[in-house]
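One structure is given here, and the rest of the page talks about it.
This is the structure we're talking about:
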């Protein structure tokens, strides 16, 4: 069963998505190609693309904080 | 023999088709026997005829969509799935530029005799600039060039391990540049390129090469 995204995480991700550039779309495999507005709506509505974006954003933040990111890109 | 699938029914598959031109040209220049299934030809019937022909396929390069258990072609028709693992012994290396195939199908193919699989165990992300022509889209290039490098390295005779490493090194270099630029837009792209980096997987022998 798909879990609901925690509201704090949702708000954090939405605030990060608001910084996305309007002149670019994100293509995420067979889920399709999305504008910033569509990504934000996806997170708010707990859709599949919303869950994927949250997963990517949280993974990045987690690895940034625990230092794994800089080890990975060394 | 090399088999390439290049459907073009949506924006991402169209981009991948265009960005694969240099790879197909390199295959031809190097004299490989090549079947380049573009557009509508990237369908199940044609793929099945190759699989049934029992011709040894040294390298199969799939572009398109996918999921844990399937790779799709034109208009998302399933062109390879776990039902096809009986053909795995006849294939050397598979690179699936498709989402999540590394989770299960790649593993099943290797367990059934495929030498080596390169792919992704998550969704493959690409930023596309609105209105840009594919080859002039610098943002897309940051994502697609490292994946092209997997193929270019293999064609040069590098092993799967070396090809994966070169591709990841270019992703790392791109991420470092993006993160050091103090631009919101670039940091956002770095997050998604980082996802591609950590989710690009090799299953099977890292020592396999196109022979």
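Protein chains in written order, with our numbering: chain A, 178 to 251; chain B, 5 to 215. Note that CB positions come from ideal geometry on N, CA and C, so glycine has one too.
Buried or exposed by the 16-neighbour rule on C-beta atoms within 10 Å, applied to residue i
i	result
residue 198 of chain B	buried
residue 245 of chain A	exposed
residue 239 of chain A	exposed
residue 196 of chain A	exposed
residue 235 of chain B	Outside the shown range of chain B (5 to 215) lies residue 235 of chain B, about which nothing can therefore be said.
residue 205 of chain A	buried
residue 49 of chain B	exposed
residue 90 of chain B	exposed
residue 13 of chain B	buried
residue 222 of chain A	exposed
residue 111 of chain B	buried
residue 19 of chain B	buried
residue 140 of chain B	exposed
residue 77 of chain B	buried
residue 64 of chain B	buried
Within chain A, partners of residue i - CB distance below 7 Å
i	result
residue 202 of chain B	249
residue 69 of chain B	206, 207
Beta-carbon proximity of residue i to residue j, cut-off 9 Å
i	j	result
residue 59 of chain B	residue 94 of chain B	yes
residue 119 of chain B	residue 208 of chain B	yes
residue 36 of chain B	residue 159 of chain B	yes
residue 124 of chain B	residue 98 of chain B	no
residue 195 of chain B	residue 233 of chain A	yes
residue 130 of chain B	residue 16 of chain B	yes
residue 198 of chain A	residue 188 of chain B	yes
residue 108 of chain B	residue 73 of chain B	yes
residue 202 of chain A	residue 210 of chain A	yes
residue 2 of chain B	residue 250 of chain A	Nothing can be reported for residue 2 of chain B: it is not among the residues displayed for chain B, which extend from 5 to 215.
residue 84 of chain B	residue 146 of chain B	no
Beta-carbon proximity list for residue i, same chain, < 8 Å, skipping 5 on both sides
i	result
residue 171 of chain B	150, 151, 153, 154, 157, 204
residue 231 of chain A	182, 186, 187, 190, 220
residue 215 of chain B	62, 96
residue 168 of chain B	122, 154, 204, 206, 210
residue 21 of chain B	10, 11, 12, 42, 43, 67
Proximal residues to residue i (C-beta, below 6 Å), its chain only, five neighbours per side dropped
i	result
residue 31 of chain B	6, 38
residue 114 of chain B	121, 207, 208
residue 190 of chain B	182
residue 43 of chain B	12
residue 117 of chain B	92, 93
residue 217 of chain A	191, 194
Within chain B, partners of residue i - CB distance below 7 Å
i	result
residue 234 of chain A	195
residue 229 of chain A	127
residue 200 of chain A	133, 134
residue 216 of chain A	By Cβ distance, chain B contributes nothing, its closest Cβ being about 11 Å from residue 216 of chain A, past 7 Å.
Where residue i sits in the DSSP three-state scheme
i	result
residue 42 of chain B	strand
residue 198 of chain A	coil
residue 251 of chain A	coil
residue 203 of chain A	strand
residue 144 of chain B	helix
residue 104 of chain B	coil
residue 214 of chain A	helix
residue 70 of chain B	strand
residue 53 of chain B	helix
residue 110 of chain B	helix
residue 163 of chain B	coil
residue 132 of chain B	strand
residue 227 of chain A	helix
residue 181 of chain A	coil
residue 120 of chain B	strand
residue 63 of chain B	strand
residue 192 of chain A	helix
residue 35 of chain B	coil
Chain-ordered neighbours of residue i on chain B, where CB pairs are closer than 9 Å
i	result
residue 237 of chain A	194, 195, 196, 198, 199
Contacts around residue i, its chain only, beta-carbon distance under 7 Å, and the 5 residues preceding and following it disregarded
i	result
residue 212 of chain B	96, 97, 119, 120, 163, 164
residue 178 of chain A	Reliability fails at residue 178 of chain A, whose pLDDT of 48 lies under 50, so the model's placement of it is uncertain and no value is given.
Chain B contact residues for residue i, given Cβ-Cβ distances below 8 Å
i	result
residue 246 of chain A	198
Beta-carbon neighbours of residue i, restricted to chain A and to distances below 9 Å
i	result
residue 87 of chain B	Going along chain A, no residue has its Cβ under 9 Å from residue 87 of chain B, so there is no contact; the nearest lies around 19 Å.
residue 189 of chain B	196, 197, 198, 200, 201
residue 80 of chain B	207
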